[in-house]
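Here's the structure we're looking at; comments come further down.
Number of protein chains: 2
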Amino acid sequence: MRKITLTETVALLLENDNYRILTHTYPDGDTLGCAFALCKALRKLGKNANVAVEGDLPAKLRYLANHYREQAFTPAYIVSVDVAAMSLLGPQVMEGVDHIDLCIDHHRVNSVEADNIYVDPTAAAAAEIIYEIVRYLGVELDEDIAQGIYTGVSTDTGCFCYTNTTERTHTVAAKVMGYCNWKEINNINFVLKSRAKIKLERMIYENMEFYAGGQCAIVYTTLSMQEALGTTDDELEGIASIPRQIEGVKMGITMREKPDGTFKISVRTNDRIDAAAFCARFGGGGHPAAAGCSIEGTLGSVKEQLIRAAEETL
Amino acid sequence: MRKITLTETVALLLENDNYRILTHTYPDGDTLGCAFALCKALRKLGKNANVAVEGDLPAKLRYLANHYREQAFTPAYIVSVDVAAMSLLGPQVMEGVDHIDLCIDHHRVNSVEADNIYVDPTAAAAAEIIYEIVRYLGVELDEDIAQGIYTGVSTDTGCFCYTNTTERTHTVAAKVMGYCNWKEINNINFVLKSRAKIKLERMIYENMEFYAGGQCAIVYTTLSMQEALGTTDDELEGIASIPRQIEGVKMGITMREKPDGTFKISVRTNDRIDAAAFCARFGGGGHPAAAGCSIEGTLGSVKEQLIRAAEETL
Numbered sequence: 001m002r003k004i005t006l007t008e009t010v011a012l013l014l015e016n017d018n019y020r021i022l023t024h025t026y027p028d029g030d031t032l033g034c035a036f037a038l039c040k041a042l043r044k045l046g047k048n049a050n051v052a053v054e055g056d057l058p059a060k061l062r063y064l065a066n067h068y069r070e071q072a073f074t075p076a077y078i079v080s081v082d083v084a085a086m087s088l089l090g091p092q093v094m095e096g097v098d099h100i101d102l103c104i105d106h107h108r109v110n111s112v113e114a115d116n117i118y119v120d121p122t123a124a125a126a127a128e129i130i131y132e133i134v135r136y137l138g139v140e141l142d143e144d145i146a147q148g149i150y151t152g153v154s155t156d157t158g159c160f161c162y163t164n165t166t167e168r169t170h171t172v173a174a175k176v177m178g179y180c181n182w183k184e185i186n187n188i189n190f191v192l193k194s195r196a197k198i199k200l201e202r203m204i205y206e207n208m209e210f211y212a213g214g215q216c217a218i219v220y221t222t223l224s225m226q227e228a229l230g231t232t233d234d235e236l237e238g239i240a241s242i243p244r245q246i247e248g249v250k251m252g253i254t255m256r257e258k259p260d261g262t263f264k265i266s267v268r269t270n271d272r273i274d275a276a277a278f279c280a281r282f283g284g285g286g287h288p289a290a291a292g293c294s295i296e297g298t299l300g301s302v303k304e305q306l307i308r309a310a311e312e313t314l
Numbered sequence: 315m316r317k318i319t320l321t322e323t324v325a326l327l328l329e330n331d332n333y334r335i336l337t338h339t340y341p342d343g344d345t346l347g348c349a350f351a352l353c354k355a356l357r358k359l360g361k362n363a364n365v366a367v368e369g370d371l372p373a374k375l376r377y378l379a380n381h382y383r384e385q386a387f388t389p390a391y392i393v394s395v396d397v398a399a400m401s402l403l404g405p406q407v408m409e410g411v412d413h414i415d416l417c418i419d420h421h422r423v424n425s426v427e428a429d430n431i432y433v434d435p436t437a438a439a440a441a442e443i444i445y446e447i448v449r450y451l452g453v454e455l456d457e458d459i460a461q462g463i464y465t466g467v468s469t470d471t472g473c474f475c476y477t478n479t480t481e482r483t484h485t486v487a488a489k490v491m492g493y494c495n496w497k498e499i500n501n502i503n504f505v506l507k508s509r510a511k512i513k514l515e516r517m518i519y520e521n522m523e524f525y526a527g528g529q530c531a532i533v534y535t536t537l538s539m540q541e542a543l544g545t546t547d548d549e550l551e552g553i554a555s556i557p558r559q560i561e562g563v564k565m566g567i568t569m570r571e572k573p574d575g576t577f578k579i580s581v582r583t584n585d586r587i588d589a590a591a592f593c594a595r596f597g598g599g600g601h602p603a604a605a606g607c608s609i610e611g612t613l614g615s616v617k618e619q620l621i622r623a624a625e626e627t628l
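These protein sequences, in sequence, are chains A and B. First residue of the first sequence: 1, per this note's numbering; consecutive thereafter. First residue of the second sequence: 315, per this note's numbering; consecutive thereafter.
Written out as structure tokens, the structure is:
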């Protein structure tokens, strides 16, 4: 395990061949965008390269593999992209893999066990790093590479809206958008909503409750709601950001019933309210503005505990 | 009336003094962002400059005038920004104005009667033009100028998501974001929702109906709904984009009851369905993907006509 520079990373990619590129479980636009972009760049250098994905590609992101066909070869050099920890590498992705040669990532806390590690936490998306790597590899941009990079930077920043966006994010977008159908990519990732998602949002708005003089908003989904709607895990994850968006709300709490008798709690805060400290009261943790925990009990009893804690905090 | 170049525009701004900068009615982030940014730039050159706004500043955008104080002088040089037609200049803005010296705009169709006209329709926002002007004026960026430009480019492109976004939009954002609190600007313009707006969206989802095998979605707001919710005109305008966002919908129709016994109809389409031709059947018009018309009648009768026309079109 040694930390290496961008130049050393590029040198390793130029020296080796027969790449297997690993993506993280519950693959998102950044890990997949990076993997397919890097794969195409390596193939353009005459090398063999495949992408390893756990399960099926999410339907939304299938366009990333539009021109991709698996190659037949024995993997000799293993690279992970946008993977922060070994636990995020699923069994299918790790099939036949006994060690990782190179880890390319942007997460501040990275615990991947790899021979060589290049982590740049100033990148809003790992795709910003892949953009630089492609440039240093001397590979010309094409649609496959550009759409992978654009998908990574746009999805990891909520279309350039989240606070992790930087000047570099915009600059990378400006460089790649001329080579891909970014209008359709935005439409798929940021505009279109499934009818199940519309119904889910409507239910969320219907059961939203306000406490602490409107400073705390709580919403929930029960198992029977989830079943009735047929929403995906991805769609359920997305609702955590809804309650905090409301004017005057400093703490948005989302409760999601799990089959094991617990509720998965997501807390999002504004105005320097410490979400991690709040969740630590229930044995959870996370970041100052986004944290989580699990609480056992009925909808009523769990909500009761959360309201009491929120009123004490606010 | 003569069309001039960017260089000539900058020369005129350097030569003259005592500026009144005109913004359009129902002022948005682009016209106001441009006006306050240009005003500050001219003041930094030692000139007198004021911004003219019709009515109050929208509450959301008040931050644009955080450091602005009106100066006392007699206006001698009149400049309009982001104004496409004389009818968009309100009586308060035009008080004491008998002619316009300079029109700076980005609308492809511009009919402002001004001595000098600089229109660049390749700019997604007029603020992209103001960015160039500030640079050529030799004025250094500061918070006031940067927040005006960032507000203009981000609001006119739906935070870099709409199809009018270009490489230049991203490049301008990258150049100005280091000088202003763009995180808070995004929060105000793209994240926060009023409780009235949440209620409005919930009502819209509740009354949404699908026709033509799910290809057409129709929503409506009646006068009594609008009154009960207390939503602003701006919030009501925003709902026109909702029905088209749903997967499978090719034509989204929004009906808004007006006090004069008519319904204001907004039509948004995907997949090359001609919204303008659709609205022309009812005496309206517009763009291929976004058009409108007015229809007299009850909710039931107007909806009936729209459904019949939609089923014929799809």
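C-beta: ideal position from N, C-alpha, C; glycine also.
Looking at the strands, I want to know which residues DSSP matches up with N430(B). Residue 430(B) sits at position 116 when you count from the first residue of the second sequence. R316(B) and L416(B), per the DSSP bridge assignment.
Closest to T436(B) by CA distance: which of Q461(B), D412(B) and V467(B) is it? In the second sequence, the residue the question calls residue 436(B) occupies position 122. Comparing Cα positions, the closest option is V467(B).
Per DSSP, T262(A) is paired with what? Along the first sequence, read from residue 1 onward, the residue named residue 262(A) stands at position 262. For T262(A), which the question treats as bridged, DSSP gives the partners E296(A).
Quick one: what does DSSP say L506(B) is sitting in, helix, strand or coil? Taking the first residue of the second sequence as 1, we reach residue 506(B) at position 192. Three-state result, L506(B): coil.
Hey, is N495(B)'s beta-carbon within less than 8 Å of any beta-carbon in chain A? Working through the second sequence from its first residue, we reach residue 495(B) at position 181. Not an interface residue.
Where V407(B) sits in the DSSP three-state scheme: Your numbering for residue 407(B) matches position 93 in the second sequence. DSSP places V407(B) in coil when its eight states are reduced to three.
Specify the secondary structure class of Y382(B) as computed by DSSP and reduced to three states. Indexing the second sequence from 1 puts residue 382(B) at position 68. Here Y382(B) sits in coil by DSSP.
Pairing CB atoms from the stretch 489-500 of chain B with CB atoms from the stretch 528-540 of chain B, are three or more of them under 8 Å? no
Using a Cβ-Cβ cut-off of 8 Å, state whether I198(A) counts as contacting chain B. Start at 1 with the first residue of the first sequence, and residue 198(A) comes out as number 198. It does; some Cβ of chain B falls within 8 Å.
Start and end residues, alpha helix (DSSP H) containing Y131(A): Position 131 of the first sequence holds residue 131(A). Element bounds for Y131(A): A126 to L137.
L506(B): contacting residues in chain A (beta-carbon distance under 8 Å): In the second sequence, counting from the first residue as 1, residue 506(B) sits at position 192. Among the residues of chain A, those whose CB is under 8 Å from the CB of L506(B) are Q245, I246 and E247, following chain order.
Proximal residues of chain A, C-beta to C-beta of R516(B) below 8 Å: As a working mapping, residue 516(B) is identified with position 202 in the second sequence. Within 8 Å Cβ-Cβ: R202, Y205 and E206.
Can you round the beta-carbon distance between Y391(B) and D429(B) to whole angstroms, since I take them to be within the 8 Å contact cut? Here residue 391(B) corresponds to residue number 77 of the second sequence, with the count starting at 1. Here residue 429(B) corresponds to residue number 115 of the second sequence, with the count starting at 1. The pair is not a contact, with the Cβ atoms about 10 Å apart (cut-off 8 Å).
Kindly give me the distance between the Cβ atoms of I447(B) and L352(B), rounded to whole angstroms, as I take these residues to be in contact under 8 Å. Walking along the second sequence from the start, residue 447(B) turns up at place 133. Walking along the second sequence from the start, residue 352(B) turns up at place 38. Their Cβ separation, rounded to whole angstroms, is 7 Å, which keeps I447(B) and L352(B) in contact under 8 Å.
Nearest residue (CA-CA) to A438(B), options V563(B), I444(B) and T483(B): The count along the second sequence starts at 1 and reaches residue 438(B) at position 124. Per the Cα distances, T483(B).
So, with DSSP's three-state summary, where would you put N364(B)? Within the second sequence, residue 364(B) is the residue found at index 50, counting from 1. Strand.
Do we get a CB-CB distance below 8 Å when we pair H484(B) with the residues of chain A? Here residue 484(B) refers to the residue found at position 170 when the second sequence is read from its first residue. H484(B) counts as touching chain A.
Taking one C-beta from the stretch 582-593 of chain B and one from the stretch 561-571 of chain B each time, how about it: are there three or more such pairs within less than 8 Å? yes
Cutting at 7 Å between CB atoms, please list the residues of its own chain near A309(A), excluding the five before and the five after it. Within the first sequence, residue 309(A) is the residue found at index 309, counting from 1. Same-chain partners within the cutoff: F278 and R281.
Give the range of the alpha helix (DSSP H) segment to which E561(B) is assigned. Indexing the second sequence from 1 puts residue 561(B) at position 247. Counting along the chain, E561(B) falls outside any alpha helix (DSSP H), and DSSP gives it neither H nor E.
Does R376(B) pass the burial test, meaning 16 or more other C-beta atoms within 10 Å, or should it be called exposed? In the second sequence, counting from the first residue as 1, residue 376(B) sits at position 62. R376(B) is exposed by the Cβ-count criterion.
Cβ neighbour criterion (16 or more within 10 Å) applied to E311(A): The residue given as residue 311(A) occupies position 311 in the first sequence. It is exposed - the Cβ of E311(A) has fewer than 16 other Cβ atoms within 10 Å.
With 8 Å as the threshold, decide whether the Cβ of C34(A) is near any Cβ in chain B. Locating residue 34(A) in the first sequence gives position 34, where the first residue counts as 1. Not one chain B Cβ lies under 8 Å of C34(A).
Please report whether the beta-carbon of M408(B) lies at a distance below 8 Å from any beta-carbon of chain A. Sequence index remark: in the second sequence, residue 408(B) carries index 94 (1-based). Not one chain A Cβ lies under 8 Å of M408(B).
Are E481(B) and L537(B) closer than 8 Å when you measure CB to CB? Here residue 481(B) corresponds to residue number 167 of the second sequence, with the count starting at 1. Here residue 537(B) corresponds to residue number 223 of the second sequence, with the count starting at 1. Pairing E481(B) with L537(B) gives a Cβ-Cβ distance that is not under 8 Å.
A460(B) (DSSP reduced to helix, strand or coil): Residue numbering aside, residue 460(B) sits at position 146 when the second sequence is read from its first letter. In the structure shown, A460(B) sits in a helix (DSSP, three-state: H, G or I).
To the nearest angstrom, how far is the alpha carbon of G599(B) from that of T165(A)? By 1-based counting over the second sequence, the position of residue 599(B) is 285. By 1-based counting over the first sequence, the position of residue 165(A) is 165. Each residue's alpha carbon lies about 39 Å from the other.
Within the continuous alpha helix (DSSP H) that includes E523(B), where are the two ends? Start at 1 with the first residue of the second sequence, and residue 523(B) comes out as number 209. Following the DSSP letters along the chain, one finds E523(B) in no alpha helix (DSSP H) but inside the beta strand (DSSP E) bounded by residues E523 to Y525.
By DSSP, does G347(B) sit in helix, in strand, or in coil? Mapped onto the second sequence, residue 347(B) falls at position 33. In this structure, G347(B) counts as helix in the three-state DSSP scheme.
Name the chain B residues whose beta carbon is nearer than 8 Å to that of G178(A)? The residue you call residue 178(A) lines up with position 178 of the first sequence. By Cβ distance, chain B contributes E481.
Whole angstroms is fine: what's the gap from F524(B)'s alpha carbon to T568(B)'s? Here residue 524(B) refers to the residue found at position 210 of the second sequence. Here residue 568(B) refers to the residue found at position 254 of the second sequence. For F524(B) and T568(B), the distance between alpha carbons rounds to 12 Å.
May I have the straight-line CA-CA distance separating Q559(B) from K193(A), to the nearest angstrom? Residue numbering aside, residue 559(B) sits at position 245 when the second sequence is read from its first letter. Residue numbering aside, residue 193(A) sits at position 193 when the first sequence is read from its first letter. Distance between the alpha carbons of Q559(B) and K193(A) is about 6 Å.
In chain order, what residues of the same chain lie with their CB nearer than 6 Å to the CB of F577(B), ignoring the 5 residues before and after it? Within the second sequence, residue 577(B) is the residue found at index 263, counting from 1. The beta carbon of F577(B) is closer than 6 Å to those of M569, E571, I609 and V616 in its chain, skipping five residues each way along the sequence.
Quick one: grab the DSSP three-state call for A85(A). The residue labelled residue 85(A) in the question sits at position 85 within the first sequence. Note: A85(A) maps to coil in three-state DSSP.
Runs of alpha helix (DSSP H) lying entirely within the stretch 197-241 of chain A, each at least 4 residues, in chain order: Counting only runs of 4+ residues, the alpha helix (DSSP H) found wholly inside the stretch 197-241 of chain A occupies 223-229 and 233-238, in chain order.
Figure out for me which residue from L32(A), A127(A), G29(A) and D98(A) has the closest Cα to the Cα of T171(A). For the purposes of this step, residue 171(A) is identified with residue 171 of the first sequence, where counting begins at 1. Ranking L32(A), A127(A), G29(A) and D98(A) by Cα distance to T171(A) puts A127(A) first.
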